[in-house]
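Okay, so here's the structure we're looking at.
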Amino acid sequence: MNFIKVKTDEDLLKCIELRKKVFRDEENGPEPLYIMDEYDKMQDTKNYLLEIDNVPVATIRFIKVDDITIKLQRMVVPMEFRKKGYAKQLLNYLEKDALNIGYKKIILDSAQRSVGFYDKCGYITVSEVFYEDERPHVKMEKTLI
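To convert, note that position 145 of the sequence shown is 506 in the working numbering; the numbers rise steadily by one, no gaps.
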């Protein structure tokens, strides 16, 4: 199991390919979810990649909101790699790294079908349902300790 803090274009392209596989191919989601965007190249944005035996199996990123808060985005695990704990392990890795950097709070907009996963990881729902990218979402947050 190899956790990668993405620093190279090659690793970032692996993240983009995972996003395409899930958001485009599996979910038929809108293009902004799976293309490289302006946030991917920002200094305060961090992309993370999990590889098993050199095969990319999960990715996630955060963008800086303020000096103590980050927003999670673009968490994907392709269908054939789900239910193996990879998402939770990658999220735990990101949370530890964010805390080490100095962030204290994580926010995210969770697709409604993923709320149970984030609940189990200690996130709390803080909004009513709203629609984003043509799908129902809720705002969630977690304080890092």
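We put the CB at the ideal spot given by N, CA and C, even for glycine.
Shortest alpha-carbon distance to residue 473 belongs to which of 493, 411 and 440? Per the C-alpha coordinates, the member of 493, 411 and 440 positioned closest to residue 473 is 493.
From this set, 432, 478 and 366, which residue's C-alpha is nearest residue 502's C-alpha? Of 432, 478 and 366, the residue nearest in Cα terms is 432.
Tell me which residues share the same chain as residue 464 and place their Cβ nearer than 7 Å to its Cβ, disregarding the 5 neighbours each side in the sequence. Around residue 464: 429, 430, 431 and 505.
Looking at C-alpha atoms only, which residue of 484, 482, 364 and 497 is the closest neighbour of residue 414? Considering only 484, 482, 364 and 497, the residue with the shortest C-alpha distance to residue 414 is 364.
Indicate the three-state DSSP secondary structure (helix, strand or coil) for residue 488 in the structure shown. DSSP, reduced to helix, strand and coil, places residue 488 outside both helices and strands of the structure shown, so it counts as coil.
Let me check understanding here. Comparing Cα to Cα, which of 452, 499 and 485 lies closest to residue 407? For the residues 452, 499 and 485, the minimum Cα distance to residue 407 belongs to 452.
At which residues does the alpha helix (DSSP H) containing residue 454 begin and terminate? Counting along the chain, the alpha helix (DSSP H) containing residue 454 begins and ends at 447-462.
How many Å lie between residue 392 and residue 381 at the Cα? Distance between the alpha carbons of residue 392 and residue 381: 9 Å.
Three-state secondary structure (DSSP) of residue 476: Correct three-state label for residue 476: helix.
Roughly how many whole angstroms lie between the Cα atoms of residue 385 and residue 395? Whole-angstrom Cα-Cα distance: 7 Å.
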